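Q:
Numbering (the working numbering), first residue to last: 291 to 441.
(1) In chain order, what residues of the same chain lie with their CB nearer than 7 Å to the CB of residue 385, ignoring the 5 residues before and after it?
(2) When DSSP labels each residue in this structure, what does residue 435 get in the three-state scheme?
(3) Could you tell me whether the Cβ atoms of residue 327 and residue 358 are closer together than 8 Å?
(4) Does residue 355 pass the burial test, meaning 16 or more other C-beta atoms within 10 Å, or should it be called exposed?
(5) Under the DSSP definition of a beta bridge, which residues are partnered with residue 318?
(6) Going by DSSP, name the residue or residues bridged to residue 367.
(7) Taking its Cβ as the centre, do 16 or more other Cβ atoms sit within 10 Å of residue 415, making it buried, or is it exposed?
(8) Under three-state DSSP, which class holds residue 342?
(9) Going by Cα to Cα distance, which pick from 344, 341, 343 and 348 is closest to residue 428?
(10) Assuming residue 379 is part of the beta strand (DSSP E), what are its boundary residues?
(11) Could you check if residue 402 is buried or exposed, using at least 16 other CB atoms within 10 Å of its CB as the buried criterion?
(12) Within the same chain, show all residues whose beta-carbon is closer than 8 Å to that of residue 393, passing over the 5 residues directly before and after it, in chain order.
(13) May I ask you to report which of helix, strand or coil DSSP gives residue 406?
(14) With a 10 Å radius around its C-beta and 16 neighbouring C-beta atoms as the bar for buried, classify residue 395 as buried or exposed.
(15) In whole angstroms, give me the CA-to-CA distance for residue 365 and residue 421.
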């Protein structure tokens, strides 16, 4: 009886595993959706709309932004930091993302690496970023952002 129970459990688990693998992940669709999220962020930023830019982030106290050796937890705290740091159109400049590399971890989780460039009137800043993006209720949101600047 014990052997039969183990056999039944193994069969069920194998069936679940086979079922999970039989549903293909549409990687092109996922990339397009996340690309749209980033395009919408750039568009908002370049209009001077920090609130619109922040729509791409998970509105949670668990959202994490890391930069310059600092950890910033929370959507609201990150929004305030952006508003204090970029308190004029001149400081915001024009933002562009490029060289995106997508690593699809699951149908609702993506690790993304890319480059950012911020062109201001008298300077150009650039760096790299790593994002973890999750899908919540059919919407992709950045849950973790690690951004660094090239020196």
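Ideal placement from N, C-alpha and C gives every residue a C-beta, glycine not left out.
Quantities reported herein were computed from a predicted structural model and do not represent experimental measurements.
A: By the coordinates alone:
(1) 332, 335, 336, 406 and 408
(2) Residue 435: strand per DSSP, three-state reduction.
(3) no
(4) buried
(5) The partner list for residue 318 (beta bridge, DSSP) is empty, contrary to what the question assumes.
(6) DSSP output for residue 367 lists no bridge partner at all.
(7) exposed
(8) Under the three-state reduction of DSSP output, residue 342 falls in the helix class.
(9) 348
(10) That residue, residue 379, is in no beta strand (DSSP E); its alpha helix (DSSP H) goes 379 to 382.
(11) The residue in question, residue 402, is buried, as its Cβ has 16 or more Cβ neighbours within 10 Å.
(12) Excluding sequence neighbours, residue 393 sits near 400, 401, 402 and 403.
(13) strand
(14) exposed
(15) 15 Å
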